[in-house]
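Right, one structure below, let's go through it.
There are 2 protein chains.
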Amino acid sequence: MRMVMTGHRVPKYEQLRRRLLHDIERLAPHQPLPTERDLALRHRVSRATVRHALEALVKAGAVYRVQGAGTFVADQIISKSVSLTSFTEDMAGRGLRPGTRVLVADLIGARGRICQELRLGSEDEVVRLVRLRLADEAPMCLETAYLPAARVPGLLDHDMTGSLYSVLDTKYGIIPVVADQVVEALVLGDSDAALLGVPPGTAALRVRRLATDQRGVPVERTTTLYRADRYDIRFTIARQRC
Amino acid sequence: MRMVMTGHRVPKYEQLRRRLLHDIERLAPHQPLPTERDLALRHRVSRATVRHALEALVKAGAVYRVQGAGTFVADQIISKSVSLTSFTEDMAGRGLRPGTRVLVADLIGARGRICQELRLGSEDEVVRLVRLRLADEAPMCLETAYLPAARVPGLLDHDMTGSLYSVLDTKYGIIPVVADQVVEALVLGDSDAALLGVPPGTAALRVRRLATDQRGVPVERTTTLYRADRYDIRFTIARQRC
DNA sequence: TCTCATTCTTGGTCCGTACCAATATTCAGA
DNA sequence: TCTGAATATTGGTACGGACCAAGAATGAGA
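Keeping their order, the protein sequence lines are chains A and B.
Residue numbers are given in this note's numbering: position 178 of the first sequence equals residue 178, and the series is strictly consecutive.
One gets this note's numbering by counting positions in the second sequence from 1 and adding 1000 to each.
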């Protein structure tokens, strides 16, 4: 018996980060935070811990630092990088009620690109899952997911109308942590348009995603077709040094 | 006279990062790196410095760490987050030769959304720059950029067929560091299609970008219409903790 | 041979100190 | 009053030490 029981001890720098984020919210942009040495004294921690907390805030885009001058509240806390989320989480974030109609749920042989991207042999099988995802009752996107059957035995016995990621986590301990995405635009064909409830010839966003676990092992290959009139992708990018 | 003369002293952790990245390239995925204490001894630095270097590599997706086990080479070094780049840099990265046809370059009054997003008053003026960008001689996208005229006096006197970001940097000391982007799909109208050299009714990617400098002050508002048959957007996303 | 508790290894957190580099401030001199 | 050098402040880098927590390896016992 292996108890996970993650004690979830919260480190000091994380506690400090939250407190600072809370303080920041009632500060105007470009206003200076206390100096690092100040914060260390005030919160009874070392300067290293303060820097650790601030680094997280800088990464999140909440503050910016200027050497010799100080640390300041950033202009726009709104800016958030896209994170790897399930459709269910994504819709919740947009304030929409998610729904699902399962169109296909079966086991097939791995072939071609799918086989290659999931690093499977030609003998291996994959779970195929085609679902029409709804937002506030109306079609939002058409999702086709492939997963290595060996890693998710009995997946199709579970309820597939909810969050796939939730099932992967609770039933199999699989947590996708990173994903490569390719975003394209295309014009919908007749059948896809019909399923999505829009006229043929309408535009759509196609997102191809290959999600992997912490080890870098592929766990999910999904292609999603979003209605262009209902969906967009927002993210913040930064200039790369070097 | 204020000499910038950035001595560009390279910190130890940065030197170490480069050396490690070099070593990693000849290692297979999932192979372990030496332990942090090992690396510290071997390179005659403190463990803190080693961790600083490794953190950068983790952030770049080159390695991953497992507490209690070690640090390992990540599976796919290819995966790179999209970074804020100019069209010129973007095309260079894809191995294409960039070109430009300037369609409009003028000074107009700020109005509506542009005015609001660039945080300008209704009296202020903006530089408008509409350019057809080519890749290997063929149209790739249609770019419409707006910049606060006050921050870039005499911009239109410069050559606008090259990289705008390069001019901003060298002539005005402006370096956009972060940008919020919104990506949508749409069907091209007749005039845009004609400019891009594709049949009307074709799909396109529309990217709206608001770029800001380090202070969080907006410096550039651009809408770009990409040919869907020649362009896609690739990026890596990670699961957000908390 | 297998299981499970123990021990070891490894990354994660935290402290205190010291000095460097860029910016802001002060103040003497023109 | 203004200019420019000297000084103080602030974030950036670096060290060394200590202990914690999670995974890996070991070894005793069933």
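Yeah, the Cβ is synthetic: ideal placement off N, Cα and C, and Gly gets one too.
Which residues in chain A have a C-beta closer than 8 angstroms to the C-beta of L1120/B? List them in chain order.
At a C-beta separation below 8 angstroms, L1120/B has no neighbours in chain A, since its nearest C-beta there lies roughly 15 angstroms away.
With a cut-off of 7 angstroms, does the C-beta of R1241/B fall near any C-beta of chain A?
Annotation note: pLDDT 44 at R1241/B (below 50); position unreliable, coordinate value reported separately. No, R1241/B lies away from the interface with chain A (no Cβ there is under 7 angstroms from its Cβ).
Are the C-beta atoms of D169/A and some chain B residue less than 7 angstroms apart?
no
Beta-carbon separation of C1141/B and Y1064/B under 7 angstroms?
no
What separation, rounded to the nearest whole angstrom, lies between the Cα atoms of V1219/B and E1125/B?
The alpha-carbon atoms of V1219/B and E1125/B are separated by roughly 13 angstroms.
Going by DSSP, name the residue or residues bridged to Q1181/B.
F235/A, R1209/B
Nearest to G162/A by alpha carbon, out of L205/A, L129/A, D180/A?
L129/A
Taking C-alpha atoms, which residue in V50/A, R44/A, P32/A lies nearest to F72/A?
P32/A
Based on the DSSP output, what are the partners of E1143/B in its beta bridges?
R1131/B, T1224/B
Using the Cβ count rule (16 or more neighbours within 10 Å means buried), how would you classify C1242/B?
Only weak support is given to the placement of C1242/B: the predicted model assigns it a pLDDT of 35, under 50, and the value that follows is read from those uncertain coordinates. By the neighbour-count rule (16 or more Cβ atoms within 10 Å), C1242/B is not buried but exposed.
Taking only three categories from DSSP, how would you classify L1107/B?
L1107/B falls in the strand class under three-state DSSP.
Could you check whether A204/A and A179/A sit closer than 7 angstroms to each other, using their CB atoms as the reference points?
No, Cβ-Cβ distance for A179/A and A204/A is not below 7 angstroms.
Helix, strand or coil: how does DSSP classify T1085/B here?
coil
Terminal residues of the continuous alpha helix (DSSP H) containing G1173/B?
Run containing G1173/B: none; DSSP gives neither H nor E here.
Buried or exposed for V183/A, going by 16 or more other Cβ atoms inside 10 Å?
buried
Count the other CB atoms, across all protein chains shown, that sit within 10 Å of the CB of D136/A; report buried if there are 16 or more and exposed otherwise.
exposed
Does the beta carbon of S46/A come closer than 7 angstroms to any beta carbon on chain B?
no
What span of residues does the beta strand (DSSP E) with R230/A cover, start to end?
Element bounds for R230/A: n/a, residue is neither H nor E.
Quick check on D232/A - is its C-beta less than 7 angstroms from some C-beta in chain B?
yes
Within 10 angstroms of its Cβ, does R17/A collect 16 or more other Cβ (buried), or is it exposed?
buried
Output, in chain order, the set of chain B residues within a Cβ distance shorter than 8 angstroms of G61/A.
Those within 8 angstroms of G61/A in chain B are V1178.
Taking only three categories from DSSP, how would you classify T35/A?
T35/A: coil per DSSP, three-state reduction.
Is there at least one non-hydrogen atom of the ligand HEM closer than 6 angstroms to the beta-carbon of E143/A?
The ligand HEM is not among the ligands present in this structure, which contains no ligands whatsoever.
Across which residues does DSSP place G1099/B in a beta bridge pair?
The partner list for G1099/B (beta bridge, DSSP) reads L1134/B.
Would you verify that the beta carbon of A105/A is, or is not, closer than 7 angstroms to some beta carbon of chain B?
no
Would you list the residues sitting across from P1065/B in a DSSP beta bridge?
Inspection of the sequence shows that residue 1065/B is occupied by Arg rather than by Pro. Looking at the DSSP assignment, R1065/B forms a beta bridge with T1071/B.
Measure from the alpha carbon of P994/B to the alpha carbon of each residue in D1075/B, S1191/B, P1139/B, then state which is nearest.
The structure shown does not extend to residue 994/B, since chain B is modelled only from 1001 through 1242, so no value can be given for it.
Looking at chain A, is there any beta carbon in it that lies within less than 7 angstroms of the beta carbon of V1219/B?
no
Just to confirm my understanding: we take D213/A, look at its own chain, exclude 5 residues before and 5 after, and list those with CB closer than 7 angstroms. What are they?
I174, I175, P176, V177, V219
Could you name the residues of the region 184–204 of chain A whose beta carbon sits closer than 8 angstroms to any beta carbon of chain B, in the order they occur along the chain?
E184, A185, L186, V187, G201, T202, A203, A204
Please report how far the alpha carbon of V1045/B lies from the alpha carbon of I1024/B, in whole angstroms.
19 angstroms
If you run the structure through DSSP and keep just helix, strand and coil, what is V152/A?
coil
What first and last residue would you give for the alpha helix (DSSP H) that runs through T49/A?
47–59
Since E1143/B contacts F1087/B with CB under 8 angstroms, what's their CB separation in whole angstroms?
7 angstroms
Cβ of L188/A within 7 angstroms of Cβ of A149/A?
no
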